[in-house]
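*Asks:* Have a look at this one.
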Amino acid sequence: MSDEQSIQKDDAEEKEQMERHTKLSIFMHWFNAACWLFLLATGIGLIRNADLQPVGGWWTDMMRGIFGGGANLLLVHEIVGILWTLVFLVYVIAKAKEVVPFLKEVFTIDPKRDVLWLVNKGIQMTLGYKALYKLDGILKGRFGYKPVIPDQGFYNVGQKMFAIPSILGGVVIVVTGAIMTASNVMLENTAPVQWAILIHFLTVGFVFAGLLIHVYMASIAAGERPAFISMFTGKVPQDYAMHHHKLWYDEVREGR
Amino acid sequence: MKTQLAMVVDSSLCIDCKGCMAACKVENKVPEGHWRNWIKNDGVDFSMGETFSRMHFQPGNCMHCDVPTCVHACPTGATYKDEKDGVVKVDERLCIGCGSCIPACPYGARYRHPVKKIVDKCDFCDHRRARGELPACVITCPTKARAFGDINDPDSDVSRMLKDNKTVRVVNRESDTRPNIYYMGATAPLNWPVRAQAPTPIRWWGDWAKQLVWAVVGINALGVLAMLGKQLFVNDPEPGHESDSTDGGKPVETEETDHE
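Just so you know, the sequences run in chain order H and A. If you use our numbering, the first sequence corresponds to residues 421 to 676, in order. If you use our numbering, the second sequence corresponds to residues 5 to 264, in order.
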């Protein structure tokens, strides 16, 4: 298909929509978001020790005030944590046909293309396009550098850089949370419990740091509105897909 | 002044009958192999010959310290110093049984309950005091070696004993937790409290893990602010659109129909 034909065809289809998310995966996204925020707020409220508390004692006081004491706060944190885990377990097992391709997509990285995308997209979003030319002028093609933002698949590598730590971090958070919950039910040795507390805290902190970028990209960043809307409707306009996820767009168009 | 319940012990009166230990164990249902209180001794002194051998006994239990290193080691605040009576207590429902407080006590006053799997310790018989009774160890002692009361109340027995007598406290040189068990005159042994130390993960958390999380969150927040600032204040039109399927990317200067 020649370029001209393709452009005409694209124009005609510009406002047509492409299926991007199933209803179930949209539900899982918002269920995860709700659980995450609730568990984050209550989890920070469980830290009383001033040396360890990252936000401040006022947060601990407020959370314990809302839930009627530290013991109740711990209980709801554990209940929601278990609910979050069980719903995801059921989802992953029952919908393996949806989850496995998702994981495959998320964990597939094309180093050459994706490193260039990360560098250039990062520069473009903070310093602007002009900075890309400047960098190109300095590097003069060394390290295989080009002032381009390479095409991306269903997810761009920026999204993958958040998705991978979120998934692996989620597993770590669930495992360490389970160890802590099991501590006063069945565990004899306390060393794993003590390590679990620290690892739980660190992992949540790192994933939360990534969440800041995720929320900015989804709700504020220029040109990303269709992606945000798709988290409710499940659909994105074809022109958006072509612009932001060209490799995926091509795959769908070629009927693969 | 705030209430601070404390003990003043005349250890020279102690005959090592273990009445306090038995009474505590029964009263508080302390499981086999564990104790909430103790009687230490300084070993047999044969310096006057076998006939006149002697031994000094030292009753003790949680010292409900003014600087409770155990409270400081607890992440959740399940172990806390009660403002009402100055007693160091454990909120059983908030304790996850991580055991961080156990090595943080210089006196070994804490243990992990083998059935409840949470930390347990002396609370000066909270439930008995609620009924207006003395702690079990105090009421049981046949020689009245243990005196109990509020040292901040000038009219209490313990206050008068403290005022009228020289007293000592048993502390580790590296961890003076300002304990609230006073011994009349002199006591022995003195060298048994250990250095109080929270386990490595809890220390690492306060030493660098919290700061590291803030640093990572801060860097990402700065990145978001940089992107937001650029989006709001810099006019940076996109020279071309970004896609080209032939070489996986297209120079941004290429002219082509913009699809947006």
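By construction, the Cβ of each residue, glycine as well, lies at the ideal position given by its N, Cα and C atoms. In this text the structure is predicted, and so the values were computed from the model without any measurement.
1) Considering just the uninterrupted stretch of the beta strand (DSSP E) at F152 of chain A, what are its terminal residues?
2) Our contact map puts I486 of chain H next to W537 of chain H with C-beta atoms below 8 Å; I'd like the distance itself, whole angstroms only.
3) Between the C-alpha atoms of I640 of chain H and L503 of chain H, what's the straight-line distance to the nearest angstrom?
4) State yes or no: is the beta carbon of I640 of chain H nearer than 8 Å to at least one beta carbon in chain D?
5) Report the three-state DSSP secondary structure of D49 of chain A (helix, strand or coil).
6) Are any of the Cβ atoms in chain H nearer than 8 Å to that of R114 of chain A?
7) Can you name, in chain order, every residue of its own chain whose Cβ lies under 8 Å from the Cβ of L166 of chain A, other than the five neighbours on each side?
8) Spatial neighbours of D46 of chain A within its chain, please: C-beta separation below 8 Å, excluding the five flanking residues on both sides.
9) Any beta-carbon of chain A closer than 8 Å to the one on Q614 of chain H?
10) Should T480 of chain H and G465 of chain H be called a contact, given that it needs their Cβ atoms to be closer than 8 Å?
11) Going by the CB atoms, is the gap between D130 of chain A and K85 of chain A shorter than 8 Å?
12) Curious, which full-length alpha helix (DSSP H) runs of at least 4 residues does the segment 159-186 of chain A contain?
13) Where does K85 of chain A fall in DSSP's three states?
14) Check whether chain H comes within 8 Å of S104 of chain A, counting only Cβ atoms and requiring the distance to be less than that.
15) State the CB to CB distance for the pair V613 of chain H and C102 of chain A, rounded to an integer number of angstroms; the pair is presumed to be in contact (CB under 8 Å).
16) Would you decide whether T144 of chain A is buried or exposed? Buried here means 16 or more other CB atoms lie within 10 Å of its CB.
17) Between the segment 210-233 of chain A and chain H, which residues of the former have a C-beta closer than 8 Å to a C-beta of the latter?
18) State yes or no: is the C-beta of W208 of chain A within less than 8 Å of the C-beta of L667 of chain H?
19) Drop a sphere of 10 angstroms on the beta-carbon of G564 of chain H, count the other beta-carbons inside from all chains shown, and report buried for 16 or more, exposed for fewer.
20) How would you list, in chain order, the residues of chain A whose beta-carbon sits under 7 Å from the beta-carbon of I617 of chain H?
21) Whole-angstrom Cβ separation of S445 of chain H and E518 of chain H, contact assumed at under 8 Å?
22) Return no unless some Cβ of chain H is closer than 8 Å to the Cβ of Q235 of chain A.
23) Going along chain A, which residues have a C-beta under 7 Å from F628 of chain H?
24) Which residue from H:V496, H:F527 and H:V594 puts its Cα closest to that of F508 of chain H?
25) In the DSSP assignment, find the beta strand (DSSP E) that holds N452 of chain H and state where it starts and stops.
26) Please report whether the beta-carbon of R562 of chain H lies at a distance below 8 Å from any beta-carbon of chain A.
27) Say whether chain A places a C-beta atom closer than 8 Å to the C-beta of V605 of chain H.
28) Specify, as a first and last residue, the run of the beta strand (DSSP E) that F61 of chain A falls within.
29) Using a C-beta cutoff of 8 Å, does M483 of chain H count as contacting chain A?
*Replies:* The relevant details are as follows:
1) Counting along the chain, the beta strand (DSSP E) containing F152 of chain A begins and ends at R150 to D154.
2) So it is not a contact: roughly 43 Å between Cβ atoms.
3) If you take the alpha carbons of I640 of chain H and L503 of chain H, they lie about 31 Å apart.
4) Among the protein chains of the structure shown, namely H and A, there is no chain D.
5) It is a strand residue.
6) At a cut-off of 8 Å between C-beta atoms, R114 of chain A does not count as an interface residue with respect to chain H.
7) Counting only residues of its own chain and dropping the five nearest sequence neighbours on each side, L166 of chain A has a CB closer than 8 Å to the CB of V12, I155 and Y186.
8) Only residues of its own chain outside the window of five on either side were considered, and among them M59, H60, Q62, A192 and P193 have a CB closer than 8 Å to the CB of D46 of chain A, listed in chain order.
9) Yes, Q614 of chain H counts as interfacial toward chain A.
10) A contact, by the Cβ cut-off of 8 Å.
11) With a cutoff of 8 Å on beta-carbon distance, K85 of chain A and D130 of chain A are scored as not near each other.
12) DSSP assignment within the segment 159-186 of chain A yields the following whole alpha helix (DSSP H) runs of 4 residues or more, N-terminal first: 161-168.
13) K85 of chain A falls in the strand class under three-state DSSP.
14) At a cut-off of 8 Å, the C-beta of S104 of chain A has a neighbouring C-beta in chain H.
15) Between V613 of chain H and C102 of chain A, the beta carbon gap of about 4 Å places them in contact (Cβ cut-off 8 Å).
16) The residue is buried, with at least 16 neighbouring Cβ atoms inside 10 Å.
17) Flagged, chain order: G210, A213, K214, L216, V217, W218, V220, V221, I223, N224, A225, G227, V228, A230, M231 and L232.
18) Not a contact, by the Cβ cut-off of 8 Å.
19) So G564 of chain H counts as exposed.
20) When 7 Å is used as the limit between beta carbons, I617 of chain H is near these residues of chain A: P79, C102 and P205, in chain order.
21) Right, the Cβ-Cβ distance comes to about 7 Å (below 8 Å), so this counts as a contact.
22) It does; some Cβ of chain H falls within 8 Å.
23) Listed along chain A, the residues sitting closer than 7 Å to F628 of chain H by beta-carbon distance are V221.
24) When only C-alpha atoms are compared, the closest one is H:V594.
25) Counting along the chain, no beta strand (DSSP E) covers N452 of chain H; the unbroken alpha helix (DSSP H) around it starts and ends at K443 to G465.
26) It does not; no Cβ of chain A falls within 8 Å.
27) Chain A has a Cβ within less than 8 Å of the Cβ of V605 of chain H.
28) Counted as a single uninterrupted DSSP element, the beta strand (DSSP E) harbouring F61 of chain A occupies residues F61 to N65.
29) Nearest CB-CB separation between M483 of chain H and chain A: not below the 8 Å threshold.
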